[in-house]
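Q: Residue numbers (the working numbering): 602 to 911.
We put the CB at the ideal spot given by N, CA and C, even for glycine.
Dropping the structure in here first, questions after.
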Ligand code: NAP
Ligand code: GLV
C-alpha cells in the first residue's frame, strides 16, 4: 500500500483526507508531523509547508503540489534535486480562474467602479459603453490558466493579447513573447491580467516602469503571485492616474497585514488568494491517478521543469 505524507497547510485537512481516501482507498495518508516511520513514505503532498518537511524521507519518490504554482516548494532546500515535482493541473482549477478573470474584466469593462461611486453619491448618470472589440485585454502567461482565460475573453469579443516565454500561435489571440514582446503588448493593454508563474525571471515584473507602459487609465488584475508586483509602486501609479484600478488576489505577505495601505485604497479590490481554489474532490482523483501511473511504471504527468521553475 503506498503511503503519502500530507503536509498541506491552511487547508481543510479532514476534507482532503476524505477526498483522497475516496479517490483511492488503497492510499495511506499520514498527516505531518505524525509521519510514523519516515522510510515508509512514498509520496509527499505539500502546500504552504514549513521548510524542511521533506527532510529525512529516504524512499520518497515524488512530491505533489496542491497548487498550480510551485515556487513555495522550489524555495524549500529539503526538496531533493532528483525527485519529480508535480504541479496541479485540474480543469476545475482552470474554470475557476476563467470565471475570476472574466468577472473582473467585465467589472472594469462595464465601468462598475464608476457606477458604484455614482451610487454612493446618488448620481444617475449613464456612461458611454465601449465595444468589447475596442477593449484590449492582455494576459501575462499563456499556460493552462492564461490560455483558457484568453480564449474565454475572445468569446465576449474582446481584443485579446497574450504574452509567454516561447512564441505561440493561438487562434483569435494576438501573441507576444520575450522582453521586446512584453513592451509591445503593454503599450496596448487597457486591462492587464497577470497569470505567470513566480520565477527569478518574473519576480517584480509588475513595477513602476512596466506598468507605466500601459495606456493611461488602464486596469491591473493580479491573480498569480504577490511577488510579481512591486507593491510600493502601485499606489503612486493609481494616485497619479497612470492606472485606474487594480484587483489583487495575491500579496507579498499573506494574509495581507491589517495595516497595509492597499486595504483602504478606493481603487484597489482585495481578495484573500481565492481566484482559483484547488478542489479536493477533483484534485484528489488527479493525484491518485498520477500515483497509479507511477506505480505501474508509466511516467508522471505535469512534472515541473526545475530549470525553468514552472
Ligand atoms: P503554466 O501552465 O505553467 O503557464 C505559465 C505561462 O507563463 C506559460 O505560458 C509560460 O510561457 C509563461 N511564462 C513563464 N515564464 C515566463 C517568462 N519569463 N516570460 C514570459 N512568459 C513566461 O502555469 P498555470 O497553470 O497557467 O499557472 C500560472 C500561475 O497562476 C501559477 O504559477 C500560480 O502562481 C498562479 N495561480 C494562482 C491562483 C490563485 O488562486 N490566485 C490559482 C492557481 C494558479 P511558455 O508557455 O512559453 O512556457
Ligand atoms: C494557487 O495559488 C495555485 O497555485 O494553485
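Please determine whether the Cβ atom of residue 879 lies at a distance below 7 Å from any heavy atom of the ligand GLV.
A: Yes, Cβ of residue 879 sits closer than 7 Å to a heavy atom of the ligand GLV.
Q: Can we count residue 694 as close to the ligand GLV, meaning its CB is less than 7 Å from some heavy atom?
A: yes
Q: Using DSSP's beta-bridge definition, name the partner residues of residue 764.
A: 741 and 777
Q: Rounded to whole angstroms, what's the CA-CA distance from residue 748 to residue 638? Just pull it up for me.
A: 43 Å
Q: Please state whether DSSP places residue 663 in a helix, a strand or coil.
A: It is a strand residue.
Q: Round the Cβ separation of residue 797 and residue 742 to the nearest angstrom and send it over; I've been treating them as touching at under 8 Å.
A: 4 Å
Q: Are the beta-carbon atoms belonging to residue 874 and residue 851 less than 8 Å from one another?
A: yes
Q: Would DSSP call residue 672 helix, strand or coil?
A: In this structure, residue 672 counts as helix in the three-state DSSP scheme.
Q: At what residues does the alpha helix (DSSP H) containing residue 717 begin and finish?
A: For residue 717, the uninterrupted alpha helix (DSSP H) segment begins and ends at 713-721.
Q: May I ask whether a heavy atom of the ligand GLV can be found less than 7 Å away from the beta carbon of residue 853?
A: No, the beta carbon of residue 853 sits no closer than 7 Å to any heavy atom of the ligand GLV.
Q: Compute the beta-carbon to beta-carbon distance between residue 621 and residue 885, rounded to the nearest angstrom, for a pair I have assumed lies under 8 Å.
A: Here residue 621 really is in contact with residue 885; their C-beta atoms are around 5 Å apart, less than 8 Å.
Q: Within 10 angstroms of the Cβ of residue 881, are there 16 or more other Cβ atoms? Answer buried if so, exposed if not.
A: buried
Q: Under 8 Å, do residue 646 and residue 607 count as touching if we go by C-beta distance?
A: Note that the C-beta distance between residue 646 and residue 607 is below 8 Å.
Q: Under 7 Å: does the beta carbon of residue 874 sit that close to some heavy atom of the ligand GLV?
A: yes
Q: Along the chain, where does the beta strand (DSSP E) containing residue 605 start, and where does it finish?
A: 604-609
Q: Between the C-alpha atoms of residue 756 and residue 767, what's the straight-line distance to the nearest angstrom?
A: Between residue 756 and residue 767, the alpha-carbon positions lie close to 24 Å from each other.
Q: Mapping DSSP to helix, strand and coil, what is residue 709?
A: Correct three-state label for residue 709: helix.
Q: Just checking residue 549 against the ligand GLV - is the residue's beta carbon closer than 7 Å to any of the ligand's heavy atoms?
A: Summary: the structure shown does not reach residue 549, with the chain confined to residues 602 through 911, and so no result is reported for it.
Q: Mind checking who residue 870 pairs with in its DSSP beta bridge?
A: 848
Q: Say whether the region 782-789 touches the region 804-814, bearing in mind that this needs 3 or more beta-carbon pairs closer than 8 Å, one atom from each stretch.
A: yes
Q: Residue 667 and residue 689: beta carbons closer than 8 Å?
A: yes
Q: Considering only C-alpha positions, which residue in the set 663, 779, 883 and 693 is nearest to residue 682?
A: 663
Q: How close, in whole Å, do the beta carbons of residue 846 and residue 692 come, if the pair is a contact with beta carbons under 8 Å?
A: With 8 Å as the limit, residue 846 and residue 692 do not qualify as a contact, their Cβ atoms being about 30 Å apart.
Q: Check whether the Cβ atoms of residue 738 and residue 905 sit closer than 8 Å, and answer yes or no.
A: no
Q: With distances taken between CB atoms, is the gap from residue 733 to residue 758 smaller than 8 Å?
A: yes
Q: What number of angstroms, rounded off, separates the C-alpha of residue 596 from the C-alpha of residue 836?
A: Absent from the structure is residue 596, since the part of the chain shown begins at 602 and ends at 911.
Q: Heavy atom of the ligand GLV less than 7 Å from the Cβ of residue 669, yes or no?
A: yes
Q: Mind checking who residue 646 pairs with in its DSSP beta bridge?
A: 607 and 665
Q: Answer yes if the region 822-829 comes into contact with the region 849-863, meaning at least three C-beta pairs across the two stretches below 8 Å, and no otherwise.
A: yes
Q: Looking at the unbroken beta strand (DSSP E) that takes in residue 631, where does it start and where does it end?
A: 629-632
Q: For residue 803, I'd like the list of residues in its chain whose CB is within less than 7 Å of its CB, leaving aside the five on either flank, ordered along the chain.
A: 797 and 829
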